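Trainee: Just so you know, we're using the UniProt record's numbering here: the sequence shown kicks off at 1 and counts up by one. Glycine included, every Cβ here is placed at the ideal spot set by N, Cα and C. These numbers come from a predicted model, not from an experiment.
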Amino acid sequence: MGVGHSSLSSCSVDSLCITAFTAQPKTSSFSNSNRQKPLFPTKKHSPFAVLKIGTLNCARVAGEMDIGKGIAAAGKPIVDLHDIDDGLIQKIVYDALVWSSLHGLVVGDRNDQRSGKLPGVGMVHAPIALLPTSFPESHWKEACELAPIFNELIDRVSLDGKFLQDSLARTKKVDAFTSRLLDIHSKILEMSKREEIRLGLHRSDYMLDEKTKLLLQIEFNTISSSFAGLGCLVTDLHRTLLNDYGEDLGLDSKRIPGNTATGQFAEALAKAWTEYNNPRAVAMIVVQTEERNMYDQHWLCTLGITYNVRTIRKTLAEIDSEGQLLPDGTFLVYVSSDYCIEGGQAVAVVYFRAGYAPTDYPSESEWRARLLMEQSSAIKCPSISYHLAGTKKIQQELAKPNVLEKFLESKEDIAKLRKCFAGLWSLVDSDITKKAIEKPELFVMKPQREGGVENRVFGSTSGNNIYGDDVKETLLRLQKEGSEEDAAYILMQRIFPAVSPTFLIRDSICHKDHAISELGVYSAYLRNKESVIMNDQCGYLMRTKVSSSNEGGVAAGFAVLDRHSAWQIMVLVILKHREELF
Ligand code: ADP
Ligand code: MG
1 MGVGHSSLSS
11 CSVDSLCITA
21 FTAQPKTSSF
31 SNSNRQKPLF
41 PTKKHSPFAV
51 LKIGTLNCAR
61 VAGEMDIGKG
71 IAAAGKPIVD
81 LHDIDDGLIQ
91 KIVYDALVWS
101 SLHGLVVGDR
111 NDQRSGKLPG
121 VGMVHAPIAL
131 LPTSFPESHW
141 KEACELAPIF
151 NELIDRVSLD
161 GKFLQDSLAR
171 TKKVDAFTSR
181 LLDIHSKILE
191 MSKREEIRLG
201 LHRSDYMLDE
211 KTKLLLQIEF
221 NTISSSFAGL
231 GCLVTDLHRT
241 LLNDYGEDLG
251 LDSKRIPGNT
261 ATGQFAEALA
271 KAWTEYNNPR
281 AVAMIVVQTE
291 ERNMYDQHWL
301 CTLGITYNVR
311 TIRKTLAEID
321 SEGQLLPDGT
331 FLVYVSSDYC
341 IEGGQAVAVV
351 YFRAGYAPTD
361 YPSESEWRAR
371 LLMEQSSAIK
381 CPSISYHLAG
391 TKKIQQELAK
401 PNVLEKFLES
411 KEDIAKLRKC
421 FAGLWSLVDS
431 DITKKAIEKP
441 ELFVMKPQRE
451 GGVENRVFGS
461 TSGNNIYGDD
471 VKETLLRLQK
481 EGSEEDAAYI
491 LMQRIFPAVS
501 PTFLIRDSIC
511 HKDHAISELG
521 VYSAYLRNKE
531 SVIMNDQCGY
541 LMRTKVSSSN
551 EGGVAAGFAV
561 LDRHSAWQIM
571 VLVILKHREE
581 LF
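1) So does I223 have its beta carbon nearer than 7 Å to some heavy atom of the ligand MG?
2) Residues bridged to Y361 by DSSP?
3) Can you give the Cα-Cα distance for T235 and I256, rounded to whole angstroms?
4) Could you check which residue in D413, N464 and T474 has the C-alpha nearest to that of P440?
5) Going by DSSP in three states, K446 sits in which element: helix, strand or coil?
6) Could you tell me whether the Cβ atoms of P358 and I223 are closer together than 8 Å?
7) For I394, which residues of its own chain have a beta-carbon under 8 Å away from its beta-carbon, when the five flanking residues on both sides are left out?
8) Counting only runs that start and end within the region 112-152, where is the beta strand (DSSP E) found for 3 or more residues in a row?
9) Since L300 is in the alpha helix (DSSP H), which residue starts that stretch and which ends it?
10) Who pairs with K380 in a beta bridge, going by DSSP?
11) Taking the alpha-carbon of G304 as reference, which of G263, L325, E291 and V335 has the nearest alpha-carbon?
12) Whole angstroms are fine: how far does the CA of R194 sit from the CA of D183?
13) Touch check for the region 362-371 and the region 302-322: three-plus C-beta pairs under 8 Å?
14) Where do the N-terminal and C-terminal ends of the alpha helix (DSSP H) with L269 fall, by residue?
15) Between M542, S547 and V546, which has its C-alpha nearest L230's C-alpha?
16) For the putative contact between G451 and R203, defined by C-beta atoms under 8 Å, what is the C-beta separation to the nearest angstrom?
17) On the DSSP letters alone, give me the boundaries of the alpha helix (DSSP H) that I240 sits inside.
18) Could you check if I154 belongs to the surroundings of the ligand MG, using beta carbon to heavy atom distance under 7 Å?
19) Is G493 close to the ligand ADP? I mean its beta-carbon at under 7 Å from any heavy atom of the ligand.
20) Which of the three DSSP states is assigned to D469 in this structure?
21) Less than 7 Å separating the Cβ of V521 from some heavy atom of the ligand ADP?
22) How long is the line joining the alpha carbons of L153 and L216, rounded to whole angstroms?
23) Going by other Cβ atoms of all chains shown within 10 Å of its Cβ, with 16 needed for buried, is Y467 buried or exposed?
24) Say the cut is 7 Å; is the CB of I218 nearer than that to a heavy atom of the ligand FMN?
25) Please report the straight-line C-alpha distance between D112 and W299, rounded to a whole angstrom.
26) Kindly confirm or deny that the region 492-502 and the region 421-438 touch, where touching means at least three C-beta pairs closer than 8 Å.
27) Report whether the distance from the Cβ of R205 to the nearest heavy atom of the ligand MG is below 7 Å.
28) So for G87, helix, strand or coil by DSSP?
29) If we count the other Cβ atoms within 10 Å of its Cβ and call it buried at 16 or more, is D513 buried or exposed?
30) For the alpha helix (DSSP H) that contains L181, what are its first and last residues?
31) Give me the DSSP bridge partner(s) of L215.
32) Just how far apart, CA to CA, sit F220 and K187?
33) How should E374 be labelled, buried or exposed, when 16 other C-beta atoms within 10 angstroms of its C-beta is the threshold for buried?
34) Whose CA, out of Q448, S517, Q479 and R353, lies closest to the CA of R170?
35) Going by the beta-carbon positions, is the gap between F331 and A378 smaller than 8 Å?
36) Could you give the DSSP three-state label for D513: helix, strand or coil?
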């Protein structure tokens, strides 16, 4: 199994075809200005040149999988996008768009105001990369193998309330949102309440650093890990396209790894529901008031059909007004329909697709709802402890020497995790702060926020992270002010993945651009007391964004690295950042 990374290379010796979303920033060359342009420059080459080279490499793929061999490893492009006939691409694009419409690979269309509120109106195909991107199989396997180790680590960290509170103590003073989360956590600690049944539906994101060839973790998402549903569909789409056109393109659909994220997440939710052991209870998805990514979420609700588990969707505000905590810990929610008031339904599992951003809590009502659920016996995915364990500050604390050792016994596991840690520092480290001021392009500054890109779906202009000269300016300002606001941030080594040309489709327009990719590996963890019921890697998401995107983590001038990586494998691409894509 493998996930794809960069762009349009055909099968190489060590590569797999992976499906992914692609994201383009609003400012990118993927804009309207390109709509009237032809798909490619006027230069037209015979597609047969592509076919010939691609076929050669696919033949090699069938043979061996070692990294570092073959044409791709020599750093030469296998398929030159300029060489692909426009007519062929247009045919593939047409098929891709029809397939997306037929199979629910859709998101809410931001041009229709009702699209984020009502299902069935204002839909548009998800922004996607037309073809797979390559990714080294060895790194794909590495990422998959890390999944159960991270699952176990997060579970153990979540049980260490003191570690969570102490690590975030300075942040609490300056970050109101983290402070509120910690307050809920404190209340739960005071109750001496232990979650016996613990469910995690995670996604660990990685980039492959081009220079060092290291697979480095961007972050570990413990709340609202999105795109499992649509990501699986992109895999199916790309496989279908390669079945039809693979020979023309020199790409082999068999190189696309299977993607079972939707099914496994649904299975994990259903198993958690079973552990709760109340056949009349429902699973509740906590949603934002407006959600253009609702179809991705609804794919997981296949739960209802496959496992006969009733699923309801509620906003935090609705939960506050319709929820009730019974003395025995049962969480009831009042479910009404147009025809009748059904009365209180016990909730077995609460699955959060909201609640990770300050904007999800516009009033005290939402905070009340969060606390109420946390105090209940319902299985929270994530619990407040899992949520906090996934913060960027905890990621940085875990990367400190001798911290992993507190939570894990296996030296081998610890070494595997450490290998994927990028440089992570607190701003208390004056040497690093000095270095970051001198060379800000080598760092990313991160506040304790999640889903920066998701926020931008709704019109916000930027993500949460700070890049380039802004890093320098912010650090200098913090130094000058001498405030404790520095505790709101961490510093992270900037990762520079290979840049590759990619076909991106958005609003039915296909455009070629230089892109970088980020691999997300889903995982599920379910435990009831001492019994670990599930600890699995669950499929993947490959997100691609144009390399001129700053929030995507592309440094100024990075676009000059316009060459194929020596490590490319075939991968498929999905739009990376929702705001950019939707
Ligand atoms: P969020 O919780 O907002 O998703 P992330 O840590 O995932 O925050 O950062 C958002 C995006 O910024 C990532 O998807 C990635 O594209 C980019 N990014 C984050 N950290 C780095 C890094 N160290 N190097 C390069 N790009 C990064
Ligand atoms: Mg992220």
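Mentor: Let me spell this out:
1) Here residue 223 is taken as the residue at index 223 of the sequence shown, counted from 1. The answer is no for I223.
2) Start at 1 with the first residue of the sequence shown, and residue 361 comes out as number 361. Answer by DSSP bridge pairing: none, since Y361 is not bridged.
3) For the purposes of this step, residue 235 is identified with residue 235 of the sequence shown, where counting begins at 1. For the purposes of this step, residue 256 is identified with residue 256 of the sequence shown, where counting begins at 1. So the alpha carbons of these two residues sit roughly 7 Å apart.
4) Looking up residue 440 in the sequence shown gives position 440. Taking only the C-alpha atoms, the option nearest P440 is T474.
5) Counting from 1 along the sequence shown, the entry for residue 446 is found at position 446. Here K446 sits in strand by DSSP.
6) To locate residue 358, count along the sequence shown from 1; it is residue 358. To locate residue 223, count along the sequence shown from 1; it is residue 223. No, the Cβ-Cβ distance between P358 and I223 is not below 8 Å.
7) If you number the sequence shown from 1, residue 394 lands on position 394. Correct list, in chain order: V157, L164, S167, L168 and L388.
8) 123-125 and 133-136
9) Within the sequence shown, numbered from 1, the residue matching residue 300 stands at position 300. That run of the alpha helix (DSSP H) goes M294 to L300.
10) By 1-based counting over the sequence shown, the position of residue 380 is 380. Paired residues: V350.
11) Numbered from 1 along the sequence shown, position 304 holds the residue referred to as residue 304. Closest by alpha carbon: G263.
12) Walking along the sequence shown from the start, residue 183 turns up at place 183. Walking along the sequence shown from the start, residue 194 turns up at place 194. Distance between the alpha carbons of D183 and R194: 16 Å.
13) yes
14) As a first step, residue 269 is located in the sequence shown; it is residue number 269 there, counting from the start. Residues A261 to Y276.
15) Within the sequence shown, residue 230 is the residue found at index 230, counting from 1. When each option's Cα is compared against that of L230, the closest is M542.
16) Locating residue 451 in the sequence shown gives position 451, where the first residue counts as 1. Locating residue 203 in the sequence shown gives position 203, where the first residue counts as 1. No, G451 and R203 are not in contact; Cβ-Cβ is about 12 Å, not under 8 Å.
17) What you label residue 240 is simply residue 240 of the sequence shown in a count that begins at 1. In the sequence as displayed, the identity of residue 240 is Thr instead of Ile. Run containing T240: A228 to L249, per the alpha helix (DSSP H) assignment.
18) By 1-based counting over the sequence shown, the position of residue 154 is 154. No.
19) Walking along the sequence shown from the start, residue 493 turns up at place 493. This sequence places Gln at residue 493; Gly is not what is there. Q493: yes, Cβ under 7 Å from the ligand ADP.
20) As a first step, residue 469 is located in the sequence shown; it is residue number 469 there, counting from the start. DSSP places D469 in helix when its eight states are reduced to three.
21) For the purposes of this step, residue 521 is taken as residue 521 along the sequence shown, with counting starting at 1. Outside the cutoff, so no.
22) Taking the sequence shown and counting its residues from 1, the one referred to as residue 153 is at position 153. Taking the sequence shown and counting its residues from 1, the one referred to as residue 216 is at position 216. Whole-angstrom Cα-Cα distance: 17 Å.
23) As a first step, residue 467 must be located in the sequence shown, where it is residue number 467. The residue in question, Y467, is buried, as its Cβ has 16 or more Cβ neighbours within 10 Å.
24) The model on display carries the ligand ADP and the ligand MG but not the ligand FMN.
25) As a working note, residue 112 is residue 112 in the sequence shown. As a working note, residue 299 is residue 299 in the sequence shown. Computed Cα separation, rounded: 22 Å.
26) yes
27) Along the sequence shown, one-based indexing puts residue 205 at 205. Residue 205 is actually Asp in this sequence, not Arg. Under cutoff, so the answer is yes.
28) Position 87 of the sequence shown, counting from 1, holds the residue named residue 87. Reduced to three states, the DSSP call for G87 is helix.
29) Taking the sequence shown and counting its residues from 1, one reaches residue 513 at position 513. Classification of D513: buried, given that the 10 Å Cβ count is 16 or more.
30) In the sequence shown, counting from the first residue as 1, residue 181 sits at position 181. Per DSSP, L181 belongs to the alpha helix (DSSP H) from A176 to E190.
31) Residue numbering aside, residue 215 sits at position 215 when the sequence shown is read from its first letter. Its beta-bridge partners are L208.
32) On the sequence shown, residue 220 is found 220 positions in, with the first residue counted as 1. On the sequence shown, residue 187 is found 187 positions in, with the first residue counted as 1. Taking the straight line from one Cα to the other gives about 25 Å.
33) Position 374 of the sequence shown, counting from 1, holds the residue named residue 374. So E374 counts as buried.
34) The residue you call residue 170 lines up with position 170 of the sequence shown. That would be Q448, whose Cα lies nearest to the Cα of R170.
35) As a first step, residue 331 is located in the sequence shown; it is residue number 331 there, counting from the start. As a first step, residue 378 is located in the sequence shown; it is residue number 378 there, counting from the start. Their beta carbons are under 8 Å apart, which means F331 touches A378 by this criterion.
36) Numbered from 1 along the sequence shown, position 513 holds the residue referred to as residue 513. DSSP places D513 in strand when its eight states are reduced to three.
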